[in-house]
Every structure is written in C-alpha cells, then in structure tokens.
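K.L.:
One line per chain: the protein sequences are H and R, in this order. Residues 1 to 642, numbered by the UniProt record's numbering, are exactly what the first sequence covers, in order. Residues 1 to 447, numbered by the UniProt record's numbering, are exactly what the second sequence covers, in order. Backbone N, C-alpha and C fix where the C-beta goes; we use that ideal spot for every residue, glycine too.
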Amino acid sequence: MGPTLNKKNNNNAKTNNKKSNNSSSIEEKNRKKLIEDLAKQRKQEEEEEEEDDDQSYDSEDDDGQEEAADDNVNDKHWKNTNQYSNQDDNADKDGGDQEDEDEDEDDDNDIVKYLNNKRKNSEFDLEQQQTSKNIKQEDDDSENESDQEESNNNNNNSNNNGNDIKSKQNRIPTGARKYMKGEVVAATGIKNPVLRNRVERQSKYKKEAAISAMKAEILIQSESGFIEADENENTYDLKQSDIVKAVDMQSKVKVFDLTMEHGPYSIDFTREGRYLLNAGEKGHVAVIDWQSGKKLMETHLSQPARDACFLHNESMFAVAQKKYTYIYNSQGVQLHQLNSHPDPKYLTFLPYHFLLVSAGNRGSLVYEDISIGSVVARHSFKYPLSAMCQNRQNAVINLGYTNGNVDLWIPKSKEPVVKILAHKTSITAMTTSLSGNYMITAGLDRIVKIFDLRAGQAQYDSMEADPFANKRMKREAEVHQLLEKIPSDMISLNPDLVGTIHSNASTEENKFRREFKKQVDKNRVQIDPSKLKKWDEAKKYRKEKRETEILAPSKTRDALSQNSTEITGDRSSKRTTSSLQALCFHLFSQPPYRTRPHLPSDLSSSSSSNNNNNNNNNNNNSQIEKYPFTTTTANIVKPSVP
Amino acid sequence: MKIKVISRSEEDHTKEVSTDARKLQRNLDPLMHPFERPREYVRALNAVKLDKVFAKPFITSLHGHTDGIFTMIRHPTQVNCFASGSCDGVIKLWNLSTMNERTTIQSHDGFVRGICFTNNGRSIISCGEDQTIKMWNLTLPEYESEQDVASIFKGKSSFTSIDHQLNSTTFATSSVNVEVWDHNRSTPLQSLSWGHASVTKVRFNPIEYHLLSACTSDREIILYDIRESTPAQKLITKMRTNATAWNPREAYMIALANEDENCYQYDIRNLKKAVCVYRDHVGSVLDIDFSPTGTEFVTGSYDKTIRIFPVESYSSREVYFTNRMQRIFSVLYTADSKFIMSGSDDMNIRVWKSKASGALGIKSAREKEKLEYQDKLKEKFKEIPQIKTIAQHRRVPKAIYKKRYLKNVMHNSQQRKIKNEGKTPSKKKSVAEKKKLLQEANVVVEK
Chain H
1 MGPTLNKKNN NNAKTNNKKS NNSSSIEEKN RKKLIEDLAK QRKQEEEEEE
51 EDDDQSYDSE DDDGQEEAAD DNVNDKHWKN TNQYSNQDDN ADKDGGDQED
101 EDEDEDDDND IVKYLNNKRK NSEFDLEQQQ TSKNIKQEDD DSENESDQEE
151 SNNNNNNSNN NGNDIKSKQN RIPTGARKYM KGEVVAATGI KNPVLRNRVE
201 RQSKYKKEAA ISAMKAEILI QSESGFIEAD ENENTYDLKQ SDIVKAVDMQ
251 SKVKVFDLTM EHGPYSIDFT REGRYLLNAG EKGHVAVIDW QSGKKLMETH
301 LSQPARDACF LHNESMFAVA QKKYTYIYNS QGVQLHQLNS HPDPKYLTFL
351 PYHFLLVSAG NRGSLVYEDI SIGSVVARHS FKYPLSAMCQ NRQNAVINLG
401 YTNGNVDLWI PKSKEPVVKI LAHKTSITAM TTSLSGNYMI TAGLDRIVKI
451 FDLRAGQAQY DSMEADPFAN KRMKREAEVH QLLEKIPSDM ISLNPDLVGT
501 IHSNASTEEN KFRREFKKQV DKNRVQIDPS KLKKWDEAKK YRKEKRETEI
551 LAPSKTRDAL SQNSTEITGD RSSKRTTSSL QALCFHLFSQ PPYRTRPHLP
601 SDLSSSSSSN NNNNNNNNNN NSQIEKYPFT TTTANIVKPS VP
Chain R
1 MKIKVISRSE EDHTKEVSTD ARKLQRNLDP LMHPFERPRE YVRALNAVKL
51 DKVFAKPFIT SLHGHTDGIF TMIRHPTQVN CFASGSCDGV IKLWNLSTMN
101 ERTTIQSHDG FVRGICFTNN GRSIISCGED QTIKMWNLTL PEYESEQDVA
151 SIFKGKSSFT SIDHQLNSTT FATSSVNVEV WDHNRSTPLQ SLSWGHASVT
201 KVRFNPIEYH LLSACTSDRE IILYDIREST PAQKLITKMR TNATAWNPRE
251 AYMIALANED ENCYQYDIRN LKKAVCVYRD HVGSVLDIDF SPTGTEFVTG
301 SYDKTIRIFP VESYSSREVY FTNRMQRIFS VLYTADSKFI MSGSDDMNIR
351 VWKSKASGAL GIKSAREKEK LEYQDKLKEK FKEIPQIKTI AQHRRVPKAI
401 YKKRYLKNVM HNSQQRKIKN EGKTPSKKKS VAEKKKLLQE ANVVVEK
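1) Does the beta-carbon distance from R/S107 to R/I349 come in below 8 Å?
2) Between which two residues does the beta strand (DSSP E) holding R/M135 run?
3) Any beta carbon from chain R within less than 8 Å of H/V199's own beta carbon?
4) Suppose contacts are defined by Cβ-Cβ distances below 8 Å. Is H/Q337 in contact with H/Y326 by that definition?
5) Can you pull the DSSP bridge partners for H/M388?
6) With 9 Å as the limit, tell me which residues of the region 295-308 of chain H have their beta carbon closer than that to any beta carbon of chain R; keep them in chain order.
7) Which of helix, strand or coil does DSSP assign to R/K154?
8) Looking at the C-beta of R/Q25, does it have a partner C-beta in chain H at a distance below 8 Å?
9) Helix, strand or coil: how does DSSP classify H/D237 here?
10) Anything in chain H within Cβ reach of R/S7, meaning under 7 Å, just list it in chain order.
11) Answer with yes or no whether the minimum CB distance from R/R219 to chain H is below 8 Å.
12) Just to confirm before moving on: does the CB-CB distance between R/A47 and R/K378 stay below 8 Å?
13) Measuring only between beta-carbons, confirm whether H/E233 sits less than 8 Å from chain R.
14) Which residues in chain H have a C-beta closer than 8 Å to the C-beta of R/N46? List them in chain order.
15) When the Cα atoms are used, what is the spatial distance from R/K417 to R/T334?
16) Could you give the distance in angstroms between the alpha-carbon of R/Y320 and the alpha-carbon of R/D67?
17) Got a sec: which bits of the region 371-386 of chain R sit with their beta carbon under 9 Å from any beta carbon on chain H, in order along the chain?
18) Output yes if chain H places a C-beta closer than 8 Å to the C-beta of R/R249; else output no.
19) Out of curiosity, what's the CA-to-CA distance linking H/D461 and H/I218?
20) Counting only C-beta atoms, is R/Y405 closer than 8 Å to chain H at any point?
21) The beta strand (DSSP E) spanning R/S123 covers which residue range?
22) Taking R/S174 as part of the beta strand (DSSP E), name the residues at either end of that continuous run.
23) Over what stretch of residues does the alpha helix (DSSP H) that includes H/V479 continue unbroken?
24) Does DSSP put H/D62 in a helix, in a strand, or in coil?
25) Strictly under 8 Å for the Cβ-Cβ distance: is H/G456 near chain R by that measure?
26) How about H/G225: is its C-beta nearer than 8 Å to some C-beta of chain R?
27) How far does the beta strand (DSSP E) with R/P385 in it extend, from its first residue to its last?
28) So H/F310 packs on H/F349, CB below 8 Å; how close in whole Å?
29) What does DSSP give as the partner residue(s) for R/N95 in the beta ladder?
30) Three or more C-beta pairs closer than 8 Å, one from the region 483-503 of chain H and one from the region 388-398 of chain H: is that the case here?
31) Measuring only the C-alpha atoms, how far is H/A318 from H/L347?
32) Helix, strand or coil, according to DSSP, for H/V194 in the structure here?
33) Taking 8 Å as the CB-CB cut-off, is H/Y179 touching chain R?
34) Quick check on DSSP: helix, strand or coil for R/I400?
35) Does any residue of chain R have a CB that is nearer than 8 Å to the CB of residue 721 of chain H?
36) When the Cα atoms are used, what is the spatial distance from R/F329 to R/V285?
Given below as structure tokens:
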C-alpha cells in the first residue's frame, strides 16, 4: 500500500501543477518558499504515519504541492504544463470511444478544470481547501480515485471497470463541494422503500444543485484584487503611494485623504462596504459615502465616542459614549438613548438578528433587538475587557480580556459557550475569518496585524448587499431584512441546527420507546458473564492507571499540557507573528480537544510572508482551557419562535 | 510588483441607459450568505403565517335555485360553464366568469337525480324521479333560452344517476339496473345487473371509456366493462358507498365516498385492500370529485363541511364551511382545478378557491417564482413543530371539533386493541368471531 500511495501523490502533484499554472507563478513561488519548511516537517511526520497506518494521509492537494516543492523538479512541471494540458486533451479525444456514456460528465469536468484554474487565482482558495480538507476527508478519498482516473486517461488506459464508472457517477467535483448544503446521507440500511427513495432523491438533488451552482461560477466576470511581490520584495514594505502608482487609472481617481484630527478613531463599514462611519475619541463622528466622495453627516459630540457601528443600513448608527449607547440617524439626529447599555466600550451589530450588542466596562454584555427596542439578553463577565468581535457565520460574540482569555457568547446562555486562554498577556485585537472557522487574536506581547479576510471579495451579491442599490431597492431590502429577522434564541455554535434531525424529539415513536424502556425490569435482565468479566478488567486497569499516575505524576499527561511545557522551554525564542498563526484554532470545524492544534496553512502563508525564519518554531504557545462545554446550551436543537 | 485592486464603476453595475434592465450581481459562495438555514426557516415561518393571513377561500354564492341542489356537472370543453340540478326538477346553467346564471330549464317533476353534458358539449341530458331522461339542445357559445327538448327517453323506474361516455354518444343511467343508452335509440342498449339491490350511482372512467363503476344500495361497488354483457368484479364494503370518483390521471385508481364518514382510495387491480383511508369527516360523505390534475379530491359531507384531500396524504389539506351552509350533496372541481363548487341543501351553490390563500388573477413571473420558492421552503421545514402547528391548524365549528376528537380517541383505542391482540398469540379467536370479522371486512367477488 505504501509505494502505491506515493505514486498516487506524485500523479497528483503533476495534475495540481497543471491546474495552478495559470495562476501567477510568482505568487506560487512565494508560497512554495513558505511551505517548504512546513512541508519538510509534515512530510517527516507523514512518513512516520504511513508506516504506522497506511490509510492515514491528508488531502492530496497539499501533499502534491509539498512534494513538488521538495523535489525541486517543480519548475519543470509547471513550465511544461501546456504540454500536459495538450496531452490531456488528446487523451480525452482518444478515449472518447470508450466514454460515450459519460460524455456529459466529461463536459462537466472541463468546466471543473476551468473553474479550478480560475479558483487558484483567488486568495481564498487555500482557506477553502483547508476547510474542505478538514471537514470532508471521506470525500477526499473519492477524489483521489478521480484524480487517479485522470492520470489513467493520460495513459489511454482501457481498464475502466464497472467500479470506476460507478464512483465517477457518485462523486462530487471538487469545486462543487463548497456549495453542498448539509451532508449527503447514505440511504443504506433504511428499510422503508419510500423513505429510502426520498433520501436517495434528496442527496441526488443536493449534488445536482451544488454542481449547477459551481457551473454558475462561469458567469462571474469580476476578478479579485491581489498584490504580487517580485523576488526581493516584501509586501509589507509597500506604502500607500506605491499602491497608487501601481493601480489602473480608474482606481487612481478614487484616491482620497481623510485628515482626522480628533484622536484615535473607530470605524465601521456598512455591509455592502459603501458607507464609512468614523467615530473619534474626542467626539467627532462622520459618515462618508467613500465611493462618491460625499459626506453624509458630520457632528461633534460632547462626549468621547468609544466605539461606533452601523445598524442594519447606513440610515442609522450606534455610538458608545461615556455613559450610555446612543443611536443617531444619517442626519446626525439623536434618536435613542439606550439606558440599558451602561458604560459601553465596544459595539457590534448582528444584521440578520437585528441585535445591537454592547460590551461595557462594568462587565455587562447586552443584546438589544433594535427592531422592537427591547433587551433580549444581558450577561455579565468578570474581567476587564480589551477586545470584541462577532463571528459572521454563527453570530457568536467573542470577547477578549486583559488576562488573555477569550470567551464566546450567545444570547441564550448565561455562561460563555467556549472559554479559551489565548494569550498570557492582554488581548489587544481579535477577529474571525469570513468563513467563521478562524479567529485571530493579537496579544500585548508582540506586534499585531489583523488580517481581515473579508476584504477583496470581487463578486458581490446584489441580493445580499448591493453597493449600487437605489432608493427603491434599499427600501425593499430593509423590509425583507425585518421580515426575515432571525429570532435571537436561534444563535448557537452551529447555525445550521434548525431542520436537522433531533434524536431526542418527543415523537410518538420515541415516547413509546421510552415507556417501553421503563417497563423493562432491570432485575430480570441477564448480563452476559463474559461482558461482566471485561468490565471488571477495565475497571481494574483504570484503577491501576490512576494509582501509577499519582505515584509518578506529570510525565504522561494529555498532549495539551505537553505543549505548554514545550512553550516554557522555548520562551527565549522569538515570537513575532508566528504567535498569530499559532493562535488560530479551528474553533468550529474541529472537535474541542485536539491533541495537536491544527495550523491553517492559508494563514501561515498570508500572514507570515515576513518571517520565513520563524516558521520552524511554530510551536503552539497557546492552550485551550479545558473548559467543559456547556452542553446544554450547545446542543439545544429545538428552535423557538418569539 | 504587480497590484490589482477591485475597481467598480457605478455605471457598469447599474443601468447604463435608463431603459436598461438592472444588472443583478450574484455570488453563490456560501460564505457570502451566512445563516442560510435560519433565514430560510424564518422565511418558511413567514410564508406559513402569510398563508393564514390570506386564507380567504370563499368567493361567492350563486343563488337562484328554489330547492336544495342535488347534482352538478362541469362542461366538457368550456372552463367557465357548469350545470346544476335541484330537488324541484330545475336545471340551471351557470357562467363562472360573470358569476351569473345562463339558463334555467324546468326539466322534471320531482328531483333531478342526475345531469350530464354530451361528449360534444352541445346538449345536456338529465334524468329524474319521473322515470324520464330528457336531452336538451343548447346552442354555443352563449346558451340563451333555447331549450328545446331534443329527445325524451322513457324508463321503467325512477332514475338515480346518469353519466356520459367521453368519446361517444353512449351514456349510462342507474335505477334498478345499470342501463346503457345511445342518443339515437329510445330503448337502452344494455341492461346490466348483479344482485337485486338498486343502483345509486354510475360513473364512467375518463381514461378507460368502457369501464363503469356503480354503487348499489346494499353496500356494493360493481365494476362493469360495457363491451361485455357481464360485470367484472364487485367490492362489498362495511357501509354503503354514496359516490365514486375515478382518478383522471391514473385509470386504475378509484375514490369512494362512504357512509361510514371515511373516504377510501382503491386500486382496482387489487380491491382487497384500500390504498388509503381518509378519516377526517365526521358525517357521512355524500359526494366526491377528483381534481383534473389527479393530485387531490374534494369531498362534501353531511357534517356541512367540504374537505380537500391530497391523494398521497392521509389527512385533509383544507376544510371549508360557513355558518349558513347546510348538508352538502354535491361538490365539483372546475376544469382548471382552481375553484370548487359546492351545492347544498340551502339552495345555494358556493364557489371556493381550491387554494385558500392563492391570489386570483394573472401572476407576474416574479410573483410565481416567489410563491414557488415559498412552497418549497414550507415543504422543507414542514416537520418543524412551530411551522407544523401553524400550517395544520384550522378553525372548525365546535361540534365538529368535538366529534373529531371523539372519533380520534375511538380510532386510537381500536388500533391499540388490534396491536395488543397481536401481542398475545395465546388468545385464539373463536370461529364465530373469525366469521364475524370476515363479514365486517371488505369482500371482493369476481365473476
């Protein structure tokens, strides 16, 4: 199994390079450099793992790149990619006779290839790969097969047996995976033929929908922006003036300067990114339509403005002032004084729930529904606050404290649903990625850069937020927003909970089952003696283990504590932005206690372009506090309506 | 160094000229659309609530009859035309687009028991208690007062119902026997009988033209093929069947309106077991009519309500009633399946929408799309309790509510009893009991 696996990976390396050749080679090189170190490490690990367990390998995408980078024959491949693609076309033509049945599939594949190439250009692709890799390892296996098939086509191999065709029909193209709504449920084991058919049909529809959504990508004309550094350049050296020089004429015209005199400002954009809200420490508040260069509103408040955020659109915004939070309209008229938000420090707005969230110096986190003007939830926290941000995918509020803790809050739970000890010093800033999978915190201990991954989505969606919306559209959108306001108690760690099957639901059947269970007399149940023996043994073993641990403590504890000891040893080593990488957890895609916290490679590549040297010591100087997840809050399934 | 920034001009993304259609930018990336499922759920909830808000099914009542309406039939070719016959022997033709009556014909002495249009739609045939069948000529397209009797057929006993074959000049009547007639013959072509009971209802299959179902007064449903002189098979039910309706899309499916307050759907290829039992009415079901789409049927009952049942579901989708509506003797779908007519004892014909919250008139493409989307959402989240309770809740008169509750309790206890009996194999039933059970159950007889 071992050697064949390697071969497979090599093949994949070729195909991957072929795919990525259209993307800029410079970017690729940079990325490669960064990945090289990581790759070596990971490869070593993998080899060990392969020896241990044949089937444990990661998604082939990354492997391919890494190995290619390792071999240093990489350049050859991507220079000759044209040849490769030609060969591929020829092979397809040659093999056309065999594959008459799957002609449509092949058309799909062409589109897939095109789209893959296109996707490689986008800066988000790594993140997507990452998530897909983590979530759908199973699918990746099938993809391995599919890639293998591609290579088979190259050799004009006629060994296509029935199984291959079957897997071809069942698979979902790589690009379509992100469009899958929910998971595909296998209909095996369902006895009721009607139900089985329905489940099968649904999964079929899901696949079809995902594929057609992927095909619609071809309609996207806009391309995302990027910065490509040359050989000896570093992107962090770039100045605004350099950017202005390098961009096209249309963009050059749009350059403008804001001279802001009234102290540190907090800013906020509307969801479509068109309007900018500035709130200065000395009470200067202004709203600007930066696209047309118009100033909508400017005013000087008598109190300092600590934070400000737009409400559902640009017509209203909230300002955190010394005593209370205030709401102003776009003319600068004060509409409301929110007495229920005392001494606020940070503000944020959950647009789909119409909740204004404020966290204050007095240790209270207040959720206010601004559509009806009532406080939905009020929680209290103990430590002094130093950062706050919301997760855009599940509306969880993250609070960072001066003691380095980060808490994740939802309205319906009095306790934070997750507690994380992220830094040993105070947290200064924090954000979550657009995918909701990554949180980035920055501590007082080192320089901080906040990588806001939302920037640079080239293709906006008019149905979601349209920067060019006219008055009528805005009005309509507002009405729909209000109509489709999600009840605040539906906020949970998993936003897609509603509509999933609740195993403890009080259906008739379950009720019957429960009653039946009660009736069973425990005294009559005969326990299998062999099982009893096993239990005893297990009990004995646990007892012995406990005793040995007491006798010889702290050597073999869990992996988390191991990490922490490493950190204490490594304290002298530099901690620049590598700390940033290390602090990004898979908060939501991963099980809560990972023995080895995972490193999302996109962040490593994007954030650490300036510290190649530090990549080696990407130890995790962070630890997840072993906080027992309040399962009662995280598992509430029943959605309720106000 | 290579830098590219996103640069959009307002003109490119909106209208270049004022006459242009506005460009809609879409990005289907799921990251751009957070909270998809919760938002869909809220939309579904709103849609269900809106359905309730807009649920105004009653359109109008057509008055003019001076006695209870006993039978109704729709025109084979014209969508807006239908005929009704009342207990005082009057037939009226109605225009649904203007909600007016077109023609009145004093046809019989006593009840008009049945009416039907001929296959070309130019004449109407009625039968009554006065032992005659009359055929009236009607000129198209507006039937004015030209009401010449084209022909009169004399029978030996009073007729109970009539139905016309779709593709020929043959029609069938029921009295003591089932009789098959032709327009040009004064005597029946065929007289079919099986047993001694009188026949109450005949109904031709709309697809298999020769297939005829007949309900008898001694609890039988007999199937005839009129090409043969002998009947095909019969089904004996526990209680009398008042009316039958053939599924217009599936020739082998037949729905029965039964005296035992239930409706049944049978597959005539296997009459031993009902495909589905619909148990929502609390009074005997008097009439039944399939929607021309074949997906739903409407029933009128002695409990003064109309119910619409989707074929695939066990429970009714809608229940219609008004304060003044009395026992319903006939129900009818229009040919476009958008409206339902009910003829009742109170001398009125009421017109209802088949979809209670549906809007009348032409819908724009956007509107249609939106409604389809809402329907899909409702379907998707239908099992969620909040949505289910709102969607299923119907206000009904207190008496009906109570009766239905009682009926449910009784049904459940019976089911439980059957289940429990199954659990105790030691208790063997006596032969007499078995016989009794056999007598009560449906019996299929083939000839």
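P.N.:
The short version:
1) As a first step, residue 107 of chain R must be located in the second sequence, where it is residue number 107. As a first step, residue 349 of chain R must be located in the second sequence, where it is residue number 349. Cβ distance not < 8 Å, so R/S107 and R/I349 don't count as in contact.
2) Within the second sequence, residue 135 of chain R is the residue found at index 135, counting from 1. Judged by DSSP secondary structure, R/M135 falls within the beta strand (DSSP E) whose first and last residues are 132-137.
3) Along the first sequence, read from residue 1 onward, the residue named residue 199 of chain H stands at position 199. With 8 Å as the cut-off, H/V199 does not count as an interface residue toward chain R.
4) As a first step, residue 337 of chain H must be located in the first sequence, where it is residue number 337. As a first step, residue 326 of chain H must be located in the first sequence, where it is residue number 326. Taking 8 Å as the Cβ cut-off, H/Q337 and H/Y326 qualify as a contacting pair.
5) Translated into the one-based positions of the first sequence, residue 388 of chain H becomes position 388. In the DSSP output, where bridge partners are listed per residue, H/M388 has H/L399.
6) Identification of residues in the region 295-308 of chain H having a C-beta nearer than 9 Å to some C-beta of chain R yields an empty set.
7) Sequence index remark: in the second sequence, residue 154 of chain R carries index 154 (1-based). Per DSSP, reduced to three states, the secondary structure at R/K154 is strand.
8) As a working mapping, residue 25 of chain R is identified with position 25 in the second sequence. Interface residue, yes.
9) The sequence position of residue 237 of chain H within the first sequence is 237, counting from 1. H/D237: helix per DSSP, three-state reduction.
10) Looking up residue 7 of chain R in the second sequence gives position 7. Near R/S7 (Cβ distances below 7 Å), the residues of chain H are D248, Q250, S251.
11) Start at 1 with the first residue of the second sequence, and residue 219 of chain R comes out as number 219. No, no contact with chain H.
12) Counted from its first residue, the second sequence places residue 47 of chain R at position 47. Counted from its first residue, the second sequence places residue 378 of chain R at position 378. Taking a C-beta distance under 8 Å as the contact criterion, R/A47 and R/K378 qualify as a contact pair.
13) Translated into positions along the first sequence, residue 233 of chain H becomes position 233. Cβ-Cβ to chain R under 8 Å: yes for H/E233.
14) Walking along the second sequence from the start, residue 46 of chain R turns up at place 46. Within chain H, the residues L483, E484 have their CB atoms less than 8 Å from the CB of R/N46, given in chain order.
15) The residue you call residue 417 of chain R lines up with position 417 of the second sequence. The residue you call residue 334 of chain R lines up with position 334 of the second sequence. Approximately 43 Å, taken between the alpha carbons.
16) Residue mapping note: residue 320 of chain R aligns to position 320 of the second sequence, counting from 1. Residue mapping note: residue 67 of chain R aligns to position 67 of the second sequence, counting from 1. R/Y320 and R/D67 have their C-alpha atoms roughly 22 Å apart.
17) Within the region 371-386 of chain R, contact with chain H at the beta-carbon level (separation under 9 Å) is assigned to K380, F381, E383, I384, P385, Q386.
18) Within the second sequence, the letter at position 249 stands for residue 249 of chain R. No, because no Cβ of chain H sits closer than 8 Å to the Cβ of R/R249.
19) For the purposes of this step, residue 461 of chain H is identified with residue 461 of the first sequence, where counting begins at 1. For the purposes of this step, residue 218 of chain H is identified with residue 218 of the first sequence, where counting begins at 1. One C-alpha to the other measures close to 15 Å.
20) Locating residue 405 of chain R in the second sequence gives position 405, counting from the first residue. R/Y405 does not count as touching chain H.
21) Locating residue 123 of chain R in the second sequence gives position 123, counting from the first residue. If you look at R/S123, you'll find it in the beta strand (DSSP E) that goes 123-128.
22) In the second sequence, the residue the question calls residue 174 of chain R occupies position 174. According to the DSSP assignment, R/S174 belongs to the beta strand (DSSP E) that extends over 170-174.
23) Here residue 479 of chain H refers to the residue found at position 479 of the first sequence. Its alpha helix (DSSP H) spans residues 471-483.
24) Here residue 62 of chain H corresponds to residue number 62 of the first sequence, with the count starting at 1. Reliability fails at H/D62, whose pLDDT of 39 lies under 50, so the model's placement of it is uncertain and the value that follows must be treated cautiously. Per DSSP, reduced to three states, the secondary structure at H/D62 is helical.
25) Residue mapping note: residue 456 of chain H aligns to position 456 of the first sequence, counting from 1. Because H/G456 carries a pLDDT of 45, less than 50, the predicted location of this residue cannot be relied on, and no value is offered for it.
26) Counted from its first residue, the first sequence places residue 225 of chain H at position 225. It does: the Cβ of H/G225 has a partner Cβ on chain R nearer than 8 Å.
27) As a first step, residue 385 of chain R is located in the second sequence; it is residue number 385 there, counting from the start. That residue, R/P385, is in no beta strand (DSSP E); its alpha helix (DSSP H) goes 385-392.
28) What you label residue 310 of chain H is simply residue 310 of the first sequence in a count that begins at 1. What you label residue 349 of chain H is simply residue 349 of the first sequence in a count that begins at 1. Yes, H/F310 and H/F349 are in contact; Cβ-Cβ is about 7 Å, under 8 Å.
29) Residue mapping note: residue 95 of chain R aligns to position 95 of the second sequence, counting from 1. Residue pairing for R/N95: DSSP places it in a beta bridge opposite R/C81, R/N100.
30) By the Cβ criterion, the region 483-503 of chain H is in contact with the region 388-398 of chain H, since at least three pairs of Cβ atoms, one from each stretch, lie closer than 8 Å.
31) Locating residue 318 of chain H in the first sequence gives position 318, counting from the first residue. Locating residue 347 of chain H in the first sequence gives position 347, counting from the first residue. Roughly 8 Å between the two C-alpha positions.
32) Stepping through the first sequence from its first residue, residue 194 of chain H is reached at position 194. H/V194 falls in the helix class under three-state DSSP.
33) Taking the first residue of the first sequence as position 1, residue 179 of chain H is located at position 179. It does: the Cβ of H/Y179 has a partner Cβ on chain R nearer than 8 Å.
34) The sequence position of residue 400 of chain R within the second sequence is 400, counting from 1. Residue state, collapsed to three classes: helix.
35) The displayed coordinates of chain H run from 1 to 642. Any statement about residue 721 of chain H would go beyond what the structure contains.
36) The residue you call residue 329 of chain R lines up with position 329 of the second sequence. The residue you call residue 285 of chain R lines up with position 285 of the second sequence. Cα to Cα, R/F329 sits roughly 9 Å from R/V285.
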